[in-house]
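Numbering (my numbering), first residue to last: 12 to 142.
Positions of the beta carbon are idealized from the N, C-alpha and C atoms, including for glycine.
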């Protein structure tokens, strides 16, 4: 009888440890994915601030736009942490300028490494027309 009780105690204890282990693994998995999402959202916030600074600079009448006969695109690549990088590219920021007419346009696009557009912003500025 005593042996049987001890056997049930060990079985119950083992099952409790298994359930606890599964719960801890699940909680750790959820925590790491939440931390990864938080880091990615912070990087996107940082890059969106950079996009807004570029847009404000383009709207400034003192900013000289590239004078080209065709479209001009400037591409900057960033790593996982949002720093400019030429290796381990995670994000790409491209600014396409169109200054062929008096109505200057620019399109700023942030894409991930799979070329999915994350943020897109269009900037339009009427340049000063010489009489």
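Nonlocal neighbours in the same chain, by C-beta distance under 6 Å from residue 118, ignoring five residues either side: Closer than 6 Å at Cβ, skipping near neighbours: 107 and 133.
Would the beta-carbon of residue 89 fall within 7 Å of that of residue 102? Annotated as proximal: residue 89 and residue 102, with beta-carbon spacing under 7 Å.
Using C-beta distances below 7 Å, list every residue in its chain close to residue 87, excluding the 5 sequence neighbours before and after it, in chain order. The beta carbon of residue 87 sits closer than 7 Å to those of 95 and 104, all from its chain and outside the five residues before and after it, given in chain order.
In whole angstroms, give me the CA-to-CA distance for residue 45 and residue 129. If you draw a straight line from the Cα of residue 45 to the Cα of residue 129, it comes to about 19 Å.
Sub-7 Å separation of residue 74 and residue 68 beta-carbons: For the pair residue 74 and residue 68, the CB atoms are nearer than the 7 Å cut-off.
Per-residue DSSP class, three states only, for residue 110: Of the three classes helix, strand and coil, the one that applies to residue 110 here is coil, per DSSP.
Let me confirm a value: residue 121 is counted as buried when at least 16 other C-beta atoms fall within 10 Å, else exposed. Which label applies? Label assigned to residue 121: buried.
Give me, in chain order, the residues of the same chain whose beta-carbon lies closer than 6 Å to that of residue 85; leave out the 5 immediate sequence neighbours on both sides. Non-local C-beta neighbours of residue 85 in its own chain, meaning closer than 6 Å and more than five positions away in sequence, comprise 106, ordered along the chain.
Test item: CB-CB of residue 109 and residue 82 under 7 Å: Less than 7 Å separates the beta-carbon of residue 109 from that of residue 82.
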